[in-house]
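Report on the following structure.
Number of protein chains: 2
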Amino acid sequence: MTAIPVALEPYRDEHLVAAIESTGGEIAGLDEARVLVWIGTPDDFPELGDHIEWVALKSAGIEDFFDAGLPDDRRIWTNASGFYAENVAEHALALLLAGLRQINTAVVRHWDKERIDTSVRSLHGSTVAIVGAGGIGASLAPRLKACGARVIAVNRSGRDVPGADEVRRASELDGLWGATDHVVLAAPATAETRHLINAETLAALPDHAWIVNVARGPLVDEAALYRALADGVIAGAALDVTDPEPPAEDNPLWSLPNVIITPHVANPASGLTREFAPWLAENLRRFAAGEDLLARVTPDRNY
Amino acid sequence: MTAIPVALEPYRDEHLVAAIESTGGEIAGLDEARVLVWIGTPDDFPELGDHIEWVALKSAGIEDFFDAGLPDDRRIWTNASGFYAENVAEHALALLLAGLRQINTAVVRHWDKERIDTSVRSLHGSTVAIVGAGGIGASLAPRLKACGARVIAVNRSGRDVPGADEVRRASELDGLWGATDHVVLAAPATAETRHLINAETLAALPDHAWIVNVARGPLVDEAALYRALADGVIAGAALDVTDPEPPAEDNPLWSLPNVIITPHVANPASGLTREFAPWLAENLRRFAAGEDLLARVTPDRNY
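Residue numbers (UniProt numbering), protein chains in the order written: chain A, 1 to 303; chain B, 1 to 303.
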């Protein structure tokens, strides 16, 4: 079998070179390649000839590529949706538990037992809704179950999510907010999910609710979130993503004691190509065998 | 069947009154009771007549009762070992994840992405040793497994722990420290476990290790821990217990960025009698039926 020529641009990452070569691929220049693995931003994305049959992007969320007028329909495009699911699910669980167990408070208020003891809540026995239950939701649901929580998964289709106690369609969100204790956002950023968390949905949540966002900042109306947190409408928010990123230094969210903000590290960039490598290898194997690729982008849905 | 007279001292907690009455027990004075449920400290513990057949204590760790010359061998004593296991296991997981995902750093260093991104580590794919794998360990092991970690449980007997990949005897600790990524301490405070974490064991751990203590402060030599953390011998420590409690305001542990200290809230006192109630009811049912009681104290082992 002839080796498949693969361009790896704009730089040659060691983990990905190894993944490409492990599947019988060979690193090639952009002019000779059948596949482009692009690990840069949309800004310096090259013009592509028709000999590029497949573009593999390393991000799970690729709205910035759509904003730049990519991808096209002259070839297959894949993102990395679901490839980092375990890592992101783990970060979501860490954020939720940190909030419930008041670890953020303990870090800044030394042994303030009176305040913390009465504020600690348990994940076990609570209900958690995962909004956007794709790969991250499928990784998160069994983690939450093992922690004794009940899981409501929300996705577009209403299809089963392994480990979830209940699945709801995205079109049936209205009754969700009063039926859950906490919410984890794991949905793509689209026109439909923009400001999914707003003054109305916040008011429908119980006052002990924590919101965790490991998806994209625009899912949350941050002004409404600030008011809800300051007024005790909900108990807290733990955000790995904001809108914009980073938040301004004078963003009032920084001043609230019931907010945890991590700097978009659910899937740390420092380990990103290492985590991406086995998935790229699997997709190259599928490409060589003429099988369907994982995480194929659906241009009309923008994710 | 005659109701069993139960003294509930030094005050009548509503959750426990309900638990006692739900099993057909009746609240009685200390002079008439066959059972004493003691929810106070050892300091004002009463003299007991031989008509008290069983003393139920509400703490899991009762070393202060032993220090006070209690319990005796003229009746059965029970503690609450294992009754709060879920709560404590959840807190241990929260502390470990908070450390690995750098949530403590994110709370104090706003969007310091460069530092945090490269310091975040994953629980999935790592090995965690649970030292003292009783009830807490049995609750924690499946949580860690669901998070993709490998679990080494350490207990006195070497008996199986459900959900653990490997079990070691407490007498075989020497080889443990180099075989694990992280350590959770969940063992009782005894002469044998005092300063189990010391300069030698810290040096044997990998430099990315986090230590979580949800047991008792004296298990850790805090001076040695401070040096190990300051020198980068291990990556961090997350402590719900210290020695003494609270730590002095000038304790140097407070100044380290890689330490998380929560104020002994793994099992929050504010919810303690509520969590204790169903277990007390089960033990009263067993007492009435002449069955073995849960969490019976073994006086010669001091726990």
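All C-beta atoms in this analysis are idealised placements derived from N, C-alpha and C, irrespective of residue type, glycine included.
Contact with chain A by residue i, beta-carbon distance below 7 Å
i	result
B/Leu97	yes
B/Leu123	yes
B/Glu172	no
B/Ile20	no
B/Thr127	no
B/Glu14	no
B/Glu86	yes
B/Ile103	yes
B/His208	no
residue 307 of chain B	No answer is possible for residue 307 of chain B: the residues shown for chain B start at 1 and end at 303.
B/Pro246	yes
B/Ala146	yes
B/Ala106	yes
B/Thr273	no
B/Thr41	no
B/Pro162	no
B/His182	no
B/Val167	no
B/His51	no
B/Pro263	yes
For residue j and residue i, the rounded distance between their alpha carbons
i	j	result
B/Val131	A/Phe65	49 Å
A/Arg159	A/Arg168	8 Å
A/Leu70	A/Leu272	22 Å
B/Val17	B/Ser270	17 Å
B/Arg227	A/Ile260	29 Å
B/Asp67	B/Pro299	12 Å
B/Leu93	A/Ala277	29 Å
A/Thr118	B/Glu275	14 Å
A/Val161	A/Leu140	10 Å
A/Ser255	A/Glu249	10 Å
A/Asn121	A/Arg101	It is Arg, not Asn, that sits at residue 121 of chain A in the sequence shown. In a straight line, the C-alpha of A/Arg121 is about 6 Å away from that of A/Arg101.
A/Gly82	A/Asn267	11 Å
A/Val184	B/Thr105	22 Å
A/Arg115	B/Tyr84	21 Å
A/Asp240	A/His264	5 Å
A/Arg156	A/Leu253	30 Å
First and last residue of the uninterrupted alpha helix (DSSP H) at residue i
i	result
A/Ala98	85–100
B/His15	14–22
B/Ala237	Counting along the chain, B/Ala237 falls outside any alpha helix (DSSP H), though it belongs to the beta strand (DSSP E) covering 236–239.
B/Arg286	272–289
B/Leu48	Unbroken run through B/Leu48: none, as it is neither H nor E.
A/Arg115	113–119
A/Asp64	63–67
B/Ala187	Unbroken run through B/Ala187: none, as it is neither H nor E.
B/Ala248	That residue, B/Ala248, is in no alpha helix (DSSP H); it is neither H nor E in DSSP.
A/Ala141	135–146
Residues sharing a beta bridge with residue i, DSSP
i	result
A/Pro299	BP columns for A/Pro299 are empty, so no partner.
B/Trp210	B/Gly236
B/Gly25	B/Ile4
B/Val265	Note: B/Val265 sits in no beta bridge, so no partner.
B/Val220	B/Ile197
Residue range of the unbroken beta strand (DSSP E) whose run includes residue i
i	result
A/Thr78	76–78
A/Glu166	166–169
B/Trp54	54–57
A/Asn155	150–155
A/Ala179	Looking at the DSSP string, A/Ala179 is not in any beta strand (DSSP E), and its letter there is neither H nor E.
A/Leu36	35–38
B/Thr127	127–131
B/Ile261	259–261
B/Val6	4–9
Beta carbon proximity, residue i to chain B, threshold 7 Å
i	result
A/Ile116	yes
A/Glu90	yes
A/Arg296	no
A/Lys113	yes
A/Ala94	yes
A/Arg143	yes
A/Ala269	yes
A/Val55	no
A/Val120	yes
A/His195	no
Cutoff 7 Å: residue i Cβ touching any chain E Cβ
i	result
B/Trp254	Protein chains in the displayed structure are A and B, and chain E is not among them.
Original post:
Three or more C-beta pairs closer than 8 Å, one from the region 207–214 of chain B and one from the region 80–95 of chain B: is that the case here?
Top reply: yes
Original post:
Touch check for the region 193–206 of chain A and the region 176–184 of chain A: three-plus C-beta pairs under 8 Å?
Top reply: yes
Subject >> At least three beta-carbon pairs within less than 8 Å, the region 9–24 of chain B to the region 282–293 of chain B >> reply: yes
Subject >> Given 8 Å, three or more beta-carbon pairs between the region 231–250 of chain A and the region 44–56 of chain A >> reply: no
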